[in-house]
Every structure is written in structure tokens, then in C-alpha cells.
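Numbering (my numbering), first residue to last: 262 to 526.
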């Protein structure tokens, strides 16, 4: 593993997402403490994924540290492009107790640790409580109820004069980290879908998976903005914060961001 000393530069790649916008400030503090310069690159999906591929596949990679998705990390670990961190963790007596065991397991392979968790998130339903109470709409507890609530609140708000309003906004743009994130982390598991079957084959073309996808598409077509097919996390949250949607399903820290910005929640 490459080592760094005062005066050298560490090149860091991370997704351009609000929770990571403090990296520049953190990097300045790190430089002040160590004398090591930090060059931070923030990139949007899907370009972010392309840069990760370059970082792991090139013999002279453009980055030294990468905020990588666990699936890609283990993919490259299997091909020998990633060095296990166990010996370094042990040598530095780096404490891992602060991390959830599931997060550590997600970046481990054959008993070896290949990364340090930097983000441990799960999706939640973020919704306009004021609108649900005003129109006496129950907060959905199932996927069928989610569709019913989206259509009901959409119809109620439009009836009161706001035509450019939608029951829900979700990632519809195609790519890893876009609609793949929402379908794979929330919709597919809700139908009991697994990534792979018992023989290790991809389990995408199954009745349950098709049903999950159909529900997702139907919901967006009936209660989502017309530009849903081009929307990622940023577009969805902008739409929600602007008061154009009653619900959004995103990582829980997005709810904190909306709250801190004084937005509707």
C-alpha cells in the first residue's frame, strides 16, 4: 500500500451528494494536522461509477482513496485489485466497534476486510405530514397503500388548485445508484426478491421481480412527475423540497437535510 508523508498529495474520489459536501473542509483540517495535501473530486452518478472503474482497473489509477459502493468493492476484491486492510487495522489498532456488524460484513470477503464503512444508510418514507393530516389520508404501511395514498393526496391537492403536484417522486433515471438503488433496496425485497437464486444465478427474470418492477413503473406513471424517467436523488429531493410532491423514498439522512433546510416534512 502506498504511504504518504508531509508535502505529498492524496487524491480522493467521492459521490457529489450533500452528505459529502463537507469533505473539502475536512480535507483542509487533515492537511493542517498532517501536512499531507488532499485533492477532493466529487462526481455525480453515473460518471462517478465510471471513475471508480478507472480507479480499480488502471495500473496508474487517477485516485488514491475512493468512496466505493460495497458491490463494486467486492467485485474488484475478487479479481485481486484490492488489498485487504486487516493487517493495517491490526498494526494501527484501529477500532471497528463503532461500525455496525452488517456494514463490516458487506465489505468483507472470505474473512478479509476490504474497506472502512463511510456511509451506512437505508431508505425511509419521507412525507408531508401537513397534507396527510389535512386530507385525512393514512400513512401507508404497505406497497398497495403507498399507491393509494399517492393517488389520494395528489387528487386532493390538485382539487384545491395546485395542478403541478404529484403524490410521490422516485428515482426513475436508469443506472446503478439511480433507479437501480431504489428498486434493488426497497421494491425488490418487498416482493421477496433476492439478487441471486440458490444456484448463484441472477434472479431478475422471475414473476416476483417483474411484479415489483411493474408496481414501481405503475406508481411513477400514475402519481409521479412527468420527468420521472430522468430523475435521480437530487432531482427527487429538489422536487419534494419545492412542494411539488407529497412523498419521496430516499436514505434517512435526506429527511434530516430537509428538516435542517426548513423544508416540508
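Here a beta-carbon is modelled for each residue, glycine too, at the ideal position from N, C-alpha and C.
Contacting residues, own chain, Cβ-Cβ under 8 Å from residue 384 (five flanking each side not counted): 443, 446, 447, 510, 511, 512, 513
Report task. Measure the alpha-carbon distance for residue 318 versus residue 325 and round it to whole angstroms. Result -> 13 Å
For this session: Identify which residue in 398, 337, 359 has its Cα closest to the Cα of residue 375.
Result: 337
(request) For the beta strand (DSSP E) holding residue 304, just list the boundary residues, first then last. (result) 298-304
Checklist entry - In three-state terms, what does DSSP make of residue 369? => result strand
Checklist line | Residue of 490, 335, 463, 371 minimising C-alpha distance to residue 435 | finding: 490
Review point. According to DSSP, is residue 340 helix, strand or coil?
Key: coil
Handout entry: Through-space distance from residue 454 to residue 508, alpha-carbon basis
Key = 24 Å
Looking at C-beta atoms only, is the number of pairs between the stretch 419-431 and the stretch 484-500 that lie closer than 8 Å three or more? yes
What number of angstroms, rounded off, separates the C-alpha of residue 367 from the C-alpha of residue 274? 20 Å
Taking all protein chains shown into account, decide if residue 432 is buried (16 or more other Cβ within 10 angstroms of its Cβ) or exposed.
buried
In three-state terms, what does DSSP make of residue 466? coil
Rounded distance between the beta-carbons of residue 370 and residue 357, thought under 8 Å: With 8 Å as the limit, residue 357 and residue 370 do not qualify as a contact, their Cβ atoms being about 16 Å apart.
If you draw a straight line from the alpha carbon of residue 402 to that of residue 411, how long is it in whole angstroms? 12 Å
Whole beta strand (DSSP E) runs in the stretch 375-447 with 3 or more residues, listed along the chain?
384-388
Thinking residue 480 and residue 408 are a contact (beta carbons under 8 Å), I'd like their distance in whole angstroms, please. 5 Å
Should the stretch 347-362 be called in touch with the stretch 389-403, which here means at least 3 C-beta pairs below 8 Å?
no
*asked:* Nearest by alpha-carbon distance to residue 478: which of 465, 451, 440 is it?
replied: 440
Which residues in the same chain as residue 329 place their Cβ atom closer than 6 Å to its Cβ, once the five residues preceding and following it in sequence are excluded? 313
Inter-residue Cα distance where the pair is residue 438 and residue 372: 27 Å
Over the uninterrupted beta strand (DSSP E) stretch that includes residue 274, give me the two end residues.
-> 270-276
Is the stretch 498-505 in contact with the stretch 264-272, if contact means three or more CB pairs nearer than 8 Å? no
query: Going straight from the alpha carbon of residue 285 to that of residue 315, what length do you get?
result: 22 Å
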